Structures are given as structure tokens and as C-alpha cells.
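Asker: Chains as they are written, first to last, in our numbering: chain A, 5 to 232; chain B, 2 to 319.
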């Protein structure tokens with residue numbers, strides 16, 4: 005069988021290819037956050053990831069003619085790409101930042117664990133066959149692996165910023181999943197998600213400040229020591 | 002007039018052998034210009050080789066015949082690979098399908114192994130350190146190469162380099178599919194590693210602490226050193242050819258057996274190799290070298306890309 009026939013049979017359209025590439029890039033951003041040594045670079049990577057998610061939403065809005073989604077794209081561009089990263093960067097600049105990376109395990113080990121998590125997401129959740137009108141069905145598996153890797157980011161990095169960024173990345177991954185499952189949700193429901201995110205930003209902001217004031221560091225490893 | 006396939010096959014090997022020093026020379030020049038230096042002449046690698054061929058051979062006391070044979074064996078291995086890959090033609094030539102990508106990889110590693118064995122024989126510390134490091138990091142990058150091969154196998158149903166080139170040429174959608182893009186980036190990083198470029202190794206440095214491949218060549222002299230140098234140029238060119246003609250841009254290859262088409266393919270190949278090489282020199286000039294013990298992070302990133310490519314392909318998204 006010639007390769008041309010193979011490609012035609014797998015039905016890789018240019019839209020699908022592009023949207024899958026964006027989803028893969030969202031997942032890769034999480035791996036980049038996992039290994040990034042500095043909190044600042046993590047926040048910047050989060051901004052890039054949010055930009056990719058907005059791009060994916062815009063892509064779906066154009067290709068599937070869902071004009072409601074443009075409102076989401078706009079909100080996400082303003083909030084997730086600009087406002088939230090700026091707030092978190094500001095919080096970091098006020099704190100004394102540890103120069104020691106907060107990895108609990110070696111980078112190579114974390115990448116391997118991340119790959120296992122991504123594999124579970126991709127194949128276990130991907131096997132569910134959620135029918136989607138907007139994106140390739142298997143994209144759901146990819147977004148599930150992004151969710152799992154975001155969990156790993158929260159678990160494997162022992163500092164408050166990583167945990168906040170991990171939570172925000174988790175929200176990004178869920179946004180991708182919602183694009184696959186329910187891109188045509190009523191606008192009011194989608195906007196409600198954004199308010200959840202804003203609440204989370206406030207809560208994490210307060211947590212970071214309180215933690216920093218009590219322990220004098222952003223690292224959470226100081227929390228398991230008894231204090232007299 | 003159509004050339005005999007055997008002649009074209011010989012031309013593939015000759016093209017690599019003759020132009021490898023030229024590509025190295027031009028890239029050294031570009032790299033120097035990027036750093037604000039005038040740089041050596043483009044033909045300097047040829048002059049260096051001729052100079053070295055005229056010098057005498059000195060052999061360290063503990064070295065045996067392995068030390069003398071290793072450079073020639075390495076060059077022979079590196080020059081065998083062009084037979085297996087599409088260098089000038091888009092159609093397989095005689096012996097062209099006797100080995101797949103894995104076989105090509107094995108032959109390249111055999112060359113590297115010969116050099117490591119030869120340099121370990123010298124009894125002097127730096128070549129031994131270099132060969133030990135080269136083997137260690139070679140083993141770490143190997144899994145990524147395997148997964149690259151798996152993706153090729155999943156896409157084409159075979160793992161012949163010619164088939165992968167055909168698949169990329171057949172449809173642009175295939176060339177830009179997520180799995181293929183991931184594989185391209187992964188293989189690009191593998192080439193970065195195997196040609197001893199930053200961030201893995203400073204290829205022109207004389208500082209022993211960060212040396213990997215460079216440290217191995219220290220004890221060879223005269224014609225043997227010429228062979229070792231020539232071998233590393235050939236290896237670099239061969240890896241560029243695999244990156245270009247199998248993964249990224251298999252266009253501009255000869256589709257017929259006419260001498261004109263073959264000649265054009267030679268020119269196109271050198272142009273593409275210089276373009277790819279320029280990207281490598283840009284990376285060389287703009288990043289710093291990773292600390293030796295951080296190299297595992299680089300290898301982990303390459304492995305991640307290659308494994309994700311296989312996963313995405315298996316999930317039906319490739």
C-alpha cells in the first residue's frame with residue numbers, strides 16, 4: 005500500500021491536524037512547566053499555554069461556526085494570557101524567591117512519570133470514545149493526559165507557585181476537554197467557569213502571601229517541620 | 002542517457018565523502034561570522050586533511066593493532082550508511098534496501114564503538130574519559146532513536162528510510178501531522194547530540210571537563226588523525242542527510258537516472274545540508290553548553306518527544 009493511500013485512509017484533514025498539534029503543544033507546555041527551574045519561567049510558560057488554548061478555541065469557532073466561542077477566546081486572551089500571569093509574577097517579585105529548584109525528583113524521573121500519566125490519559129480515557137462534533141474524538145484523551153500531568157506538576161514540585169500554576173494549567177486542560185465534549189455550551193455556563201478561575205486566583209494569591217509571611221519562603225518543604 | 006544504478010550508488014557514497022569536509026568548512030565559516038570573527042577559509046578542512054596525511058604516526062606504548070585499525074573501520078562504517086539512505090535519488094538503488102533505519106543506526110554506532118575502543122586502548126586519561134562518556138550518553142539517547150524508528154514504522158508500515166521519504170513527499174498533511182512534527186524535532190535533537198553541538202558539547206573547545214567526542218581523538222596523530230577527523234565530518238554529513246532526505250525535506254532528489262538530474266540532486270543536497278547546518282550553528286552561537294550532569298535532562302526531553310510521537314500515532318491522532 006502506498007503511503008499516500010495510508011494518509012488518505014487515516015483521514016488526517018488539515019483542520020484536525022492543526023487542532024491536534026495545538027493540543028499536543030498544550031501538553032508539552034505542561035512538561036516544560038514540570039522541568040522549568042524558576043517559578044517565573046513557569047508562569048511565562050503558563051501564559052504561552054493559555055495562548056495555545058485560546059488559539060484552539062478560535063480554531064474551533066472558525067472551523068465549526070460557533071460565534072459564541074469568540075467571547076470565550078477574548079476573555080481567555082485577556083485573563084489567562086495577560087492578567088493572571090501578571091498578578092502571579094507580581095506576587096513572586098514581592099517574595100524572597102529560593103534559588104534552589106523545588107523538584108522533588110530528578111528531571112528525567114519526572115519526565116518518565118509524566119509520560120506514564122500521559123499514556124494513561126491518552127489510552128484509557130481515549131478508549132471511552134466520547135463523540136465530538138468539534139474536534140477529533142481522540143483529542144479527549146490528550147486533554148485527559150494534560151489533566152493528569154497538571155496533577156503531577158502540583159504533586160512533584162514543592163513550592164507554592166508551582167502548585168498555583170499547576171492548578172491554572174489544570175483549568176486550561178479542562179478547557180480543552182470542554183472544547184472536545186461541549187463546544188456549544190451556553191455562553192453563561194462558559195463564563196461561569198472563568199469566575200471559578202478568578203476565585204482560584206484570589207485564593208491562591210492569599211495562600212501564597214500567608215505562606216510566605218509565616219515561613220519566609222515559597223517552598224512547601226518547610227511545612228512538614230514541627231514548630232515550637 | 003541513463004546511468005547504471007550501480008554508478009549512481011557509488012556516486013551517493015562519493016558525494017558524501019567528497020563534500021563532507023566542504024560542508025564542515027562552510028559551517029565553520031558561518032559560525033565564525035556569527036561570532037564576529039573572520040573565520041577559516043571554506044576549504045580549510047581539505048588543507049588540514051592533506052597536512053595531516055603527510056605527518057608521521059606516533060603510537061602510545063600500551064596501544065595494540067586496535068588503535069591502528071579503529072579510525073579506518075570508523076570511516077568505513079560511516080561511508081556504508083549512504084548506501085542505505087536516499088542521498089541523491091528518491092528510488093531505492095542496489096543494496097539500498099538491504100538495511101533499514103535501525104541497521105543504519107547500528108552501523109553508525111559500530112563506527113563510534115571502534116573509535117571508543119581505539120581511544121580507550123591508549124592508556125591516557127582523557128581519551129578514556131571521552132570514550133566512557135560517549136558510550137554512556139550514547140546509551141541514553143538510544144531509546145529516543147528507537148522510538149523515532151517506531152513512529153516511522155507506524156506511519157509507513159516498514160522502517161526503510163526510502164519509504165519514510167516517500168510518505169513525506171506524498172502528502173503535506175502527512176509531513177505536518179503532529180506525530181511527524183514531534184519525530185522531526187526529536188531527530189533534530191538527536192543529530193544535535195550526535196554531532197557534538199551545543200548544548201551537549203562545545204565542538205571546538207579545548208576544555209577537557211566538558212568534552213565527550215573531542216576527547217577521544219587526542220592520542221591519534223598523522224594520517225590516523227586525518228581519518229578520525231574525516232570520519233567525524235562524514236558522520237555529520239550523513240546525519241544531516243538522514244534528517245533532510247528522510248524526515249524534513251525530501252524534495253529535490255533525482256527521480257530519474259539521467260546525469261543532469263543526479264548533478265542537480267548533488268547541488269540541492271549540499272544547499273539543503275548548508276541550510277540545516279546554519280540552523281545548528283545559530284543554536285551553537287546563541288545557547289550555552291549544559292553542565293555534563295544536566296545532559297540527562299536534554300536526553301529526557303528528546304525521549305519525551307519521541308515517545309509522545311508514538312503515543313499520538315497509536316491513539317489515531319497522527
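Note that CB positions come from ideal geometry on N, CA and C, so glycine has one too.
Since we're looking at a predicted model, the values are computed, not measured.
#1: Ignoring anything shorter than 3 residues, give me the beta strand (DSSP E) runs that lie fully in the stretch 107 to 191 of chain B, in order along the chain.
#2: Below 8 angstroms on the Cβ atoms is my contact criterion, and I expect residue 159 of chain A with residue 222 of chain A to pass it. Report the Cβ-Cβ distance as a whole number of Å.
#3: Along the chain, where does the alpha helix (DSSP H) that runs through residue 66 of chain B open and close?
#4: From residue 22 of chain B to residue 231 of chain B, what distance separates their C-alpha atoms?
#5: Nearest CA to the CA of residue 312 of chain B: which residue from A:128, A:139 and A:184?
#6: Where do the ends of the alpha helix (DSSP H) carrying residue 51 of chain A lie?
#7: Quick one: what does DSSP say residue 107 of chain A is sitting in, helix, strand or coil?
#8: Which value, in whole angstroms, describes the spacing of the CA atoms of residue 85 of chain B and residue 164 of chain B?
#9: Using Cβ-Cβ distances below 8 angstroms, what residues of the stretch 173 to 195 of chain B are close to chain A?
#10: Would you kindly work out how many angstroms separate the C-alpha atoms of residue 262 of chain B and residue 88 of chain B, rounded to a whole number?
#11: If contact is defined by three or more beta carbon pairs under 8 angstroms, each pair taking one atom from either stretch, is the stretch 175 to 184 of chain B in contact with the stretch 148 to 157 of chain B?
#12: Quick one: which residues of the stretch 18 to 52 of chain A get their C-beta closer than 7 angstroms to a C-beta of chain B? List them in chain order.
#13: Am I right that residue 239 of chain B and residue 17 of chain B are in contact with their C-beta atoms under 8 angstroms? What's the rounded C-beta distance?
#14: Please identify the residue among B:47, B:242, B:200 and B:75 whose C-alpha is closest to the C-alpha of residue 268 of chain B.
#15: Just confirm the distance between the C-beta atoms of residue 119 of chain B and residue 68 of chain B, as a whole number of angstroms; I'd bet it's less than 8 angstroms.
#16: Cα separation between residue 139 of chain A and residue 181 of chain A?
#17: Measuring only the C-alpha atoms, how far is residue 192 of chain B from residue 19 of chain B?
#18: Near residue 39 of chain B, which residues of its chain fall below 8 angstroms by C-beta distance, leaving aside the five closest residues on each side in sequence?
#19: In its own chain, which residues sit with a C-beta less than 6 angstroms from the C-beta of residue 92 of chain A, not counting the 5 before and 5 after it?
#20: Mind listing the chain B neighbours of residue 126 of chain A? Cutoff is C-beta to C-beta under 7 angstroms, in chain order.
#21: How about residue 105 of chain A: is its C-beta nearer than 8 angstroms to some C-beta of chain B?
#22: Report the residues of the stretch 109 to 122 of chain A with a CB closer than 9 angstroms to any CB of chain B, ordered along the chain.
#23: So for residue 23 of chain A, helix, strand or coil by DSSP?
#24: Checking contacts by CB at 8 angstroms: is residue 301 of chain B closer than that to chain A?
#25: Would you list, in sequence order, the uninterrupted alpha helix (DSSP H) runs of no fewer than 4 residues that lie entirely inside the stretch 225 to 290 of chain B?
#26: Going straight from the alpha carbon of residue 166 of chain A to that of residue 113 of chain A, what length do you get?
#27: Within 8 angstroms of any Cβ in chain A, is that where the Cβ of residue 298 of chain B sits?
#28: Check whether the stretch 168 to 179 of chain A touches the stretch 33 to 48 of chain A, counting contact only when three or more Cβ pairs, one atom from each stretch, lie closer than 8 angstroms.
#29: Roughly how many angstroms separate the alpha carbons of residue 234 of chain B and residue 275 of chain B, rounded to a whole number?
#30: Show which residues of chain B have a CB atom less than 9 angstroms away from the CB atom of residue 59 of chain A.
#31: Can you tell me whether residue 66 of chain B is buried or exposed, with buried defined as 16 or more other CB within 10 angstroms of its CB?
#32: Count the CB pairs spanning the stretch 47 to 61 of chain B and the stretch 212 to 230 of chain B that are closer than 8 angstroms, and state whether there are at least three.
#33: Excluding sequence positions up to five away, which residues of its chain have a Cβ less than 8 angstroms from the Cβ of residue 201 of chain B?
#34: Can you tell me which of the three DSSP states residue 10 of chain A falls into?
#35: Leaving out five residues on either side along the sequence, give the residues of the same chain with a beta carbon under 8 angstroms from the beta carbon of residue 185 of chain A.
#36: Measuring only the C-alpha atoms, how far is residue 282 of chain B from residue 204 of chain B?
Answerer: This is what the structure gives:
#1: Correct list: empty.
#2: Here residue 159 of chain A refers to the residue found at position 155 when the first chain is read from its first residue. Here residue 222 of chain A refers to the residue found at position 218 when the first chain is read from its first residue. The beta carbons of residue 159 of chain A and residue 222 of chain A sit about 17 angstroms from each other, so the pair does not count as a contact at 8 angstroms.
#3: In the second chain, residue 66 of chain B corresponds to position 65, counting from 1. Bounds of the alpha helix (DSSP H) holding residue 66 of chain B are 66 to 85.
#4: Here residue 22 of chain B corresponds to residue number 21 of the second chain, with the count starting at 1. Here residue 231 of chain B corresponds to residue number 230 of the second chain, with the count starting at 1. Rounded to whole angstroms, residue 22 of chain B to residue 231 of chain B spans 7 angstroms at the Cα level.
#5: Translated into positions along the second chain, residue 312 of chain B becomes position 311. Per the Cα distances, A:128.
#6: Taking the first chain and counting its residues from 1, one reaches residue 51 of chain A at position 47. That run of the alpha helix (DSSP H) goes 43 to 67.
#7: Start at 1 with the first residue of the first chain, and residue 107 of chain A comes out as number 103. Of the three classes helix, strand and coil, the one that applies to residue 107 of chain A here is strand, per DSSP.
#8: Against the second chain, residue 85 of chain B aligns to sequence position 84. Against the second chain, residue 164 of chain B aligns to sequence position 163. Using only the alpha carbons, I get a separation of about 12 angstroms.
#9: Residues are counted here when their Cβ sits less than 8 angstroms from a Cβ of chain A; for the stretch 173 to 195 of chain B these are 174, 175, 177, 178, 179, 182 and 183, given in chain order.
#10: Indexing the second chain from 1 puts residue 262 of chain B at position 261. Indexing the second chain from 1 puts residue 88 of chain B at position 87. So the two alpha carbons sit approximately 13 angstroms from each other.
#11: Touching, per the Cβ criterion.
#12: For the stretch 18 to 52 of chain A, the set of positions with a beta-carbon nearer than 7 angstroms to some beta-carbon of chain B reads 18, 21, 24, 25, 28, 35 and 39 in chain order.
#13: Along the second chain, one-based indexing puts residue 239 of chain B at 238. Along the second chain, one-based indexing puts residue 17 of chain B at 16. With 8 angstroms as the limit, residue 239 of chain B and residue 17 of chain B qualify as a contact, their Cβ atoms being about 6 angstroms apart.
#14: As a working mapping, residue 268 of chain B is identified with position 267 in the second chain. Considering only alpha carbons, the answer is B:242.
#15: Here the question's residue 119 of chain B lines up with position 118 in the second chain. Here the question's residue 68 of chain B lines up with position 67 in the second chain. Correct: roughly 5 angstroms between the Cβ atoms.
#16: Numbered from its first residue, the first chain carries residue 139 of chain A at position 135. Numbered from its first residue, the first chain carries residue 181 of chain A at position 177. About 10 angstroms.
#17: Counting from one through the second chain, the residue named residue 192 of chain B turns up at place 191. Counting from one through the second chain, the residue named residue 19 of chain B turns up at place 18. Approximately 21 angstroms between the Cα atoms of the pair.
#18: By 1-based counting over the second chain, the position of residue 39 of chain B is 38. So the qualifying residues of the chain are 33.
#19: Sequence index remark: in the first chain, residue 92 of chain A carries index 88 (1-based). So the qualifying residues of the chain are 47.
#20: As a working note, residue 126 of chain A is residue 122 in the first chain. Simply 312 and 316.
#21: Residue mapping note: residue 105 of chain A aligns to position 101 of the first chain, counting from 1. With 8 angstroms as the cut-off, residue 105 of chain A does not count as an interface residue toward chain B.
#22: Listed by position along the chain: 110, 111, 112, 113, 114, 115, 116, 118, 119 and 122.
#23: One-based indexing of the first chain puts residue 23 of chain A at position 19. The answer is helix: DSSP assigns residue 23 of chain A an H, G or I state.
#24: In the second chain, residue 301 of chain B corresponds to position 300, counting from 1. Closer than 8 angstroms to the CB of residue 301 of chain B there is at least one CB belonging to chain A.
#25: Entirely contained in the stretch 225 to 290 of chain B, the alpha helix (DSSP H) runs reaching 4 residues are, in chain order, 260 to 287.
#26: The residue given as residue 166 of chain A occupies position 162 in the first chain. The residue given as residue 113 of chain A occupies position 109 in the first chain. Whole-angstrom Cα-Cα distance: 18 angstroms.
#27: The residue given as residue 298 of chain B occupies position 297 in the second chain. The beta carbon of residue 298 of chain B falls within 8 angstroms of a beta carbon belonging to chain A, placing the residue at that interface.
#28: The stretch 168 to 179 of chain A, when compared against the stretch 33 to 48 of chain A, does touch it at the 8 angstroms Cβ threshold.
#29: Residue numbering aside, residue 234 of chain B sits at position 233 when the second chain is read from its first letter. Residue numbering aside, residue 275 of chain B sits at position 274 when the second chain is read from its first letter. Residue 234 of chain B and residue 275 of chain B have their alpha carbons spaced roughly 13 angstroms apart.
#30: In the first chain, the residue the question calls residue 59 of chain A occupies position 55. Under the 9 angstroms cutoff, chain B gives no residues; its nearest Cβ is about 15 angstroms from residue 59 of chain A.
#31: Locating residue 66 of chain B in the second chain gives position 65, where the first residue counts as 1. It counts as exposed.
#32: The stretch 47 to 61 of chain B, when compared against the stretch 212 to 230 of chain B, does touch it at the 8 angstroms Cβ threshold.
#33: Along the second chain, read from residue 1 onward, the residue named residue 201 of chain B stands at position 200. Closer than 8 angstroms at Cβ, skipping near neighbours: 138, 193, 194, 213, 290, 291, 296 and 299.
#34: Along the first chain, one-based indexing puts residue 10 of chain A at 6. Only weak support exists for where residue 10 of chain A lies, its pLDDT of 39 falling under 50; the value from the coordinates is given anyway. Helix.
#35: The residue you call residue 185 of chain A lines up with position 181 of the first chain. So the qualifying residues of the chain are 134, 136 and 144.
#36: Here residue 282 of chain B corresponds to residue number 281 of the second chain, with the count starting at 1. Here residue 204 of chain B corresponds to residue number 203 of the second chain, with the count starting at 1. One C-alpha to the other measures close to 11 angstroms.
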